[in-house]
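K.L.:
What follows is a structure written as structure tokens; I'll ask about it next.
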Amino acid sequence: MSATIARPRPGRDREDAGPDGFVRILRAEWIKFRTVRGWVIALVIAVVLMDLVGLFAGGQANIVCNNGGGKTLHGAACIPRTPLGPGGEPVNDSFTFVHRPLTGTGSITVRMTSLTGRYGGGAGPASQGPTAGSKIGVQPWSKAGIIIKQDTRQGSAYAAMMVTGTHGVRMQYDFTGDIAGLPGTVSARSPRWLRLTRAGDTITGYDSADGRHWTEVGSAALPGLSSTVQIGLFATSPFYAETSQFFGGTTGQSGPSLATAVFDHLSLSGRRPAAAWAGYDVGNQDAFGQQSAQLESFHRVGGRFTVTGSGDIAPQVPGGAFGGGLGSTIEDHLVGAFAALIVLAVVGAMFMTAEYRRGLIRTTLAATPRRGRVLAAKAIVIAAVTFAAGLVAAVIAVIVGVRLSHDQGMYVFPVSWLTWLRVVAGTAAVLATSSVLGVALGTMLRRGAAAVAAVIVVTVVPYLLGVAQLLPLGAAEWVLRVSPAAAFAIQQSVPAYSQVTGDYTPPLYYPLPPLAGFGVLCGYAAVALGLAFVVLRRRDA
Amino acid sequence: MTPLAARRRKFTTVRAEWTKLRTVPGTPWLLAATMVLTVAVSIAATAGTRCPAGVACPLDTTKLSLTGVEFGQAVVAILAVLGISSEYSTGMIRATFTAMPRRAAVLAAKACVTTGPVLLAGGIAVAGSLLAGRLVLPGHGFTAARGFPPVSLADPAVLRAAVGSVLYLALIALFSLGIATAVRDSAVAIGLVLGLLYLFPIIATVAASPDWQRHLEQIGPMTAGLEIEATTGLHSLPISPWAGLGVLTAWAAVALVTGGLLLRLRDA
């Protein structure tokens, strides 16, 4: 058959040459697509399915809670008040703060000789018996040290030098910043010296093992820091989590913990309004503004300060140990993308295989002998159409889904508009790329069934294995790195923080960063398109 | 027509379908792919699973060894779908019905000749997967001393899981054949089959309430059908193993009956 079709010779004037010619091919492919009623219906079905599944995902929770005053609340009234950090992310910000004001440039230096903790039993601020039944032990991310904070409100800007339970000395600032300092744990024989200096908006942290040789750990710019800030000592300790991670799941116990730090050699420099050291429990109230039982405290004996605190100064994460992982994310409502993906992969594959089945491919290639252009035009048309359908579906699913979740009393992690856009447009892009993969596989295999099955098996099944706990955790993460299902990482709206203990496993968290994951799918699609191009040129139609 | 002639004619239908299936170049490849994919994925799953000392591993080693069935079923579905939709795509179906006007008999014959090779390939795939589990898992901490006896067909529960998995693959073939008969186009059929198989467990994982999750797992053809692989924790399953396989049988029966009715009512 191909013998009758003239191969184009380069350099000759041809109707399909040049940009105008390609626009004509694009138009031809677009007409082919929109005039097949079944494919247009399939697009509508994909959108409807995606939204139905997405809304079902958050659609049946019925949250009832008690505000502590004996009143029963329903729905949105149950959503806890969550402080937001300077970057707009939801944060935990509760700690014991021994503070005094500082105006303008200044610094604080202290020696820390001990960090101990208790957890389990009644070790919580809201508990009846202060430490009844608790166990001794410090949490990996228990923190104590010195801090410079805008004010004592939750979520205000800060920078801190701290000793942690097992992660050594850290400089942390504005909840998401985290820089490692001296490693190792603290003890009376191996104390840690910490120093913070403020100059303008910049706060610099130093650490030292002996108080003489200082190392700069890092510096943080806190834009808009007022001239008078609160400076002092702090201690806090996040929820403990005794989990056993296995086979994709985690089981275990969680609860509040306490950390106690001992400081001496406290010195301040700079202009300070006259004030004494004051203990304050930042964020010592529950979600409904009720004051919790007082447990955290500080004692001062001469130059020796003992500070005990519970809570955390860190971003909140879904599934994090603190707060028990209550709350949903915007991508929870995008799980219907799998239903849409299956439908759109079918459409993509058929867009090509239908030509073979009806013999239309011979007409198409006779009209456009440069076969690569036909493939490119098909890929562009299917990508544009499925991206548009996916975008409509994703926007509806997220907007309506988040609204539904909120009304039912489910806390939805707020995200920046940029992240929102990335998640929504990214989902549409995953659908578009998958249908291009369908076109490419359809070209190579020429059989609709094989092409569709291939797309589904490489994108949906790895996700299923990863999230439905069908595979052990390590294998599941590995699958979500190398298979095209890695692309669903683009839906992850809340990042994993190394400085927060959390359950960073699928389906809440993907092993690859968003764009890298999407890149994996793009790589597969590009390779498939390349092979399809070669095969289409070499083979008889 | 004498009863003997009628019987012979029925047999002719089966033979005709068998010849078609046997001589299509795709069939041996798809059967081979079923076996290779199933065993390969099972090996990968067992090789990637370890039970470190001192950790409790609440794990069903038989089910883990049979992980590949979740992939292998996709190939079985392709094989079964192509069994009828390729006739529609080439127009062969008209010749078939001209030679054999009793359409239900054609569908029944197709069901028979598809099931046979799938049972055989499925049997080999399941045996290979279990063998891999038996060889690999004890070296990864799943020892008899810790409550994980080596996977063995002498254990009635393991035998049930193995036989059930082979039956599961055969039922998937019948289910796919029914759907493909109903919708005719191979791409749509495979999309529908795999969608029905894989979407139930995905939707179940995101369902907010445990009741919904349980119900979804009870009615999904894959989630219910694969409970046949469970050998431990039988009390906490959403549906008992044989009842689960019964759910898949119902799906397959409904698909085949629907396909058969449409076949009778519709032009070829």
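Order-wise, the sequence lines are chains A and B.
Numbering-wise, this note's numbering comes out as the position in the first sequence, counting from 1, plus 7.
Numbering-wise, this note's numbering comes out as the position in the second sequence, counting from 1, plus 1.
Note that CB positions come from ideal geometry on N, CA and C, so glycine has one too.
Cβ atoms of A:A390 and A:V431: under 8 Å apart, would you say?
P.N.:
Locating residue 431 of chain A in the first sequence gives position 424, where the first residue counts as 1. Locating residue 390 of chain A in the first sequence gives position 383, where the first residue counts as 1. No, the Cβ-Cβ distance between A:V431 and A:A390 is not below 8 Å.
K.L.:
Which whole-angstrom value is the C-beta distance of A:T426 and A:S500, which I expect to be below 8 Å?
P.N.:
Locating residue 426 of chain A in the first sequence gives position 419, counting from the first residue. Locating residue 500 of chain A in the first sequence gives position 493, counting from the first residue. Contact annotation, A:T426 with A:S500: C-beta distance approximately 5 Å; criterion of less than 8 Å satisfied.
K.L.:
Hey, does A:A535 have any beta-carbon neighbour from chain B nearer than 8 Å?
P.N.:
Within the first sequence, the letter at position 528 stands for residue 535 of chain A. Answer no: the Cβ-Cβ gap between A:A535 and chain B never drops below 8 Å.
K.L.:
Do A:I210 and A:L201 count as a contact pair if the criterion is CB distance below 8 Å?
P.N.:
By one-based count along the first sequence, residue 201 of chain A stands at place 194. By one-based count along the first sequence, residue 210 of chain A stands at place 203. Not in contact: A:L201 and A:I210 (Cβ atoms no closer than 8 Å).
K.L.:
A:H413 lies in the alpha helix (DSSP H); which residues open and close that run?
P.N.:
In the first sequence, the residue the question calls residue 413 of chain A occupies position 406. It spans R378 to D414 - the alpha helix (DSSP H) in which A:H413 sits, taken as one unbroken run.
K.L.:
At the 8 Å Cβ level, is B:E228 part of the contact set with chain E, yes or no?
P.N.:
Going by chain labels, chain E is absent from the structure shown, which instead holds the protein chains A and B.
K.L.:
Check for me: the beta strand (DSSP E) holding A:K549 runs from which residue to which?
P.N.:
Nothing in the structure corresponds to residue 549 of chain A, since chain A is present only between 8 and 548.
K.L.:
What did DSSP end up calling A:R365 once you bin it into helix, strand or coil?
P.N.:
Locating residue 365 of chain A in the first sequence gives position 358, counting from the first residue. Correct three-state label for A:R365: helix.
K.L.:
Enumerate in chain order the residues of its own chain whose CB-to-CB distance from A:Q157 is below 8 Å, with the five nearest sequence positions on each side excluded.
P.N.:
Counting from 1 along the first sequence, the entry for residue 157 of chain A is found at position 150. S163, A164, Y165, L229, L232, S233, V236 and Q237, listed in sequence order.
K.L.:
So, with DSSP's three-state summary, where would you put A:H220?
P.N.:
Position 213 of the first sequence, counting from 1, holds the residue named residue 220 of chain A. Of the three classes helix, strand and coil, the one that applies to A:H220 here is coil, per DSSP.
K.L.:
Establish whether the CB of B:G140 and some CB of chain A are separated by less than 8 Å.
P.N.:
Within the second sequence, numbered from 1, the residue matching residue 140 of chain B stands at position 139. No - not a single Cβ of chain A is within 8 Å of the one on B:G140.
K.L.:
Could you run through the stretch 176 to 191 of chain B and flag, in chain order, every residue whose CB is less than 8 Å away from some CB of chain A?
P.N.:
Going along the stretch 176 to 191 of chain B in chain order, one finds D186, S187, A188, V189, A190 and I191 with a Cβ nearer than 8 Å to chain A.
K.L.:
So is A:T450 in contact with chain B if we call contact Cβ pairs under 8 Å?
P.N.:
The count along the first sequence starts at 1 and reaches residue 450 of chain A at position 443. Chain B contact via Cβ: absent.
K.L.:
Kindly list the residues whose CB is nearer than 6 Å to the CB of A:S276, restricted to its own chain and excluding five residues on each side of it in sequence; keep chain order.
P.N.:
Locating residue 276 of chain A in the first sequence gives position 269, counting from the first residue. In chain order, G113 and S114 place their CB closer than 6 Å to the CB of A:S276, counting only its own chain and leaving out the 5 sequence neighbours on each side.
K.L.:
In whole angstroms, give me the CA-to-CA distance for B:T14 and B:K21.
P.N.:
For the purposes of this step, residue 14 of chain B is identified with residue 13 of the second sequence, where counting begins at 1. For the purposes of this step, residue 21 of chain B is identified with residue 20 of the second sequence, where counting begins at 1. In a straight line, the C-alpha of B:T14 is about 11 Å away from that of B:K21.
K.L.:
Can you tell me the Cβ-Cβ gap for A:V464 and B:A75, rounded? I've got them flagged as a contact below 8 Å.
P.N.:
Here residue 464 of chain A refers to the residue found at position 457 when the first sequence is read from its first residue. Here residue 75 of chain B refers to the residue found at position 74 when the second sequence is read from its first residue. That pair is a contact at about 5 Å.
K.L.:
Show which residues of chain A have a CB atom less than 7 Å away from the CB atom of B:I220.
P.N.:
As a working note, residue 220 of chain B is residue 219 in the second sequence. Those do not exist, as B:I220 stays about 14 Å from chain A at its closest Cβ, beyond 7 Å.
K.L.:
What would DSSP say about A:K78, mapped onto helix, strand or coil?
P.N.:
Within the first sequence, numbered from 1, the residue matching residue 78 of chain A stands at position 71. Three-state result, A:K78: coil.
K.L.:
Could you work out which residues of chain B lie near A:M357, taking near to mean beta carbons separated by less than 8 Å?
P.N.:
Taking the first sequence and counting its residues from 1, one reaches residue 357 of chain A at position 350. In chain order: D186, A188 and V189.
K.L.:
Can you check the stretch 431 to 483 of chain A for any alpha helix (DSSP H) of at least 4 residues that lies completely inside it and give the ranges in chain order?
P.N.:
455 to 474
K.L.:
Evaluate the contact criterion for the stretch 103 to 110 of chain B versus the stretch 206 to 224 of chain B: three or more CB pairs, one atom per stretch, below 8 Å.
P.N.:
Fewer than three Cβ pairs drawn from the stretch 103 to 110 of chain B and the stretch 206 to 224 of chain B lie within less than 8 Å of each other, which leaves the two stretches out of contact.
K.L.:
Please name the residue in A:V98, A:F29 and A:V71 whose C-alpha comes closest to that of A:Q323.
P.N.:
For the purposes of this step, residue 323 of chain A is taken as residue 316 along the first sequence, with counting starting at 1. Considering only alpha carbons, the answer is A:V98.
K.L.:
If I measure Cβ to Cβ from A:T349 and keep anything under 7 Å in the same chain, skipping five residues before and after, which residues do I get?
P.N.:
Position 342 of the first sequence, counting from 1, holds the residue named residue 349 of chain A. In the sequence as presented, Thr is not what sits at residue 349 of chain A; that position holds Ile. Excluding the 5 residues flanking it on each side, A:I349 has same chain C-beta neighbours closer than 7 Å at I463 and V467, in chain order.
K.L.:
Which ranges does the beta strand (DSSP E) cover as unbroken runs of at least 3 residues, wholly within the stretch 156 to 194 of chain A, from first to last along the chain?
P.N.:
165 to 171, 176 to 180 and 184 to 187
K.L.:
Got a sec: which bits of the stretch 200 to 216 of chain B sit with their beta carbon under 8 Å from any beta carbon on chain A, in order along the chain?
P.N.:
L200, P202, I203, I204, A205, T206, V207, A208, A209, S210 and W213
K.L.:
Going by C-alpha distance, which of A:A548, A:P521 and A:A493 is nearest A:L528?
P.N.:
As a first step, residue 528 of chain A is located in the first sequence; it is residue number 521 there, counting from the start. Nearest of A:A548, A:P521 and A:A493 to A:L528, Cα basis: A:A493.
K.L.:
Going by other Cβ atoms of all chains shown within 10 Å of its Cβ, with 16 needed for buried, is A:A328 buried or exposed?
P.N.:
Within the first sequence, numbered from 1, the residue matching residue 328 of chain A stands at position 321. The pLDDT assigned to A:A328 is 43, lower than 50, so where the model puts this residue is not dependable; a value taken from the coordinates is nonetheless given after this. Buried, since its Cβ has 16 or more Cβ neighbours within 10 Å.
K.L.:
For B:T39, would you say it is in contact with chain A, using Cβ-to-Cβ distances shorter than 8 Å as the test?
P.N.:
The residue given as residue 39 of chain B occupies position 38 in the second sequence. Judged by the 8 Å Cβ criterion, B:T39 is not in contact with chain A.
K.L.:
Starting from the Cα of B:P211, find the closest Cα among B:A188, B:L193 and B:S237 and give me that residue.
P.N.:
Taking the second sequence and counting its residues from 1, the one referred to as residue 211 of chain B is at position 210. For the residues B:A188, B:L193 and B:S237, the minimum Cα distance to B:P211 belongs to B:S237.
K.L.:
What do you reckon, are the CB atoms on A:F104 and A:Y287 nearer than 8 Å?
P.N.:
Walking along the first sequence from the start, residue 104 of chain A turns up at place 97. Walking along the first sequence from the start, residue 287 of chain A turns up at place 280. Going by C-beta atoms, A:F104 is nearer than 8 Å to A:Y287.
K.L.:
Just how far apart, CA to CA, sit A:A84 and A:T508?
P.N.:
In the first sequence, counting from the first residue as 1, residue 84 of chain A sits at position 77. In the first sequence, counting from the first residue as 1, residue 508 of chain A sits at position 501. Rounded to whole angstroms, A:A84 to A:T508 spans 28 Å at the Cα level.
K.L.:
Would you kindly report the start and end of the unbroken alpha helix (DSSP H) that includes B:P348?
P.N.:
Since the displayed chain B opens at 2 and closes at 269, residue 348 of chain B lies outside it and no answer follows.
K.L.:
With DSSP run on the structure shown, which of helix, strand or coil describes A:W200?
P.N.:
In the first sequence, counting from the first residue as 1, residue 200 of chain A sits at position 193. A:W200: strand per DSSP, three-state reduction.
K.L.:
When you compare the stretch 179 to 195 of chain B with the stretch 444 to 463 of chain A, are there three or more beta-carbon pairs, one atom per stretch, that lie closer than 8 Å?
P.N.:
yes
K.L.:
Measuring only the C-alpha atoms, how far is A:Y511 from B:T50?
P.N.:
Residue mapping note: residue 511 of chain A aligns to position 504 of the first sequence, counting from 1. Residue mapping note: residue 50 of chain B aligns to position 49 of the second sequence, counting from 1. Cα to Cα, the separation comes out at about 19 Å.
K.L.:
Taking B:G260 and B:I180 to be in contact with their CB atoms under 8 Å, please state how far apart those CB atoms are, rounded to whole angstroms.
P.N.:
Within the second sequence, residue 260 of chain B is the residue found at index 259, counting from 1. Within the second sequence, residue 180 of chain B is the residue found at index 179, counting from 1. The Cβ separation is near 7 Å, so the contact holds.
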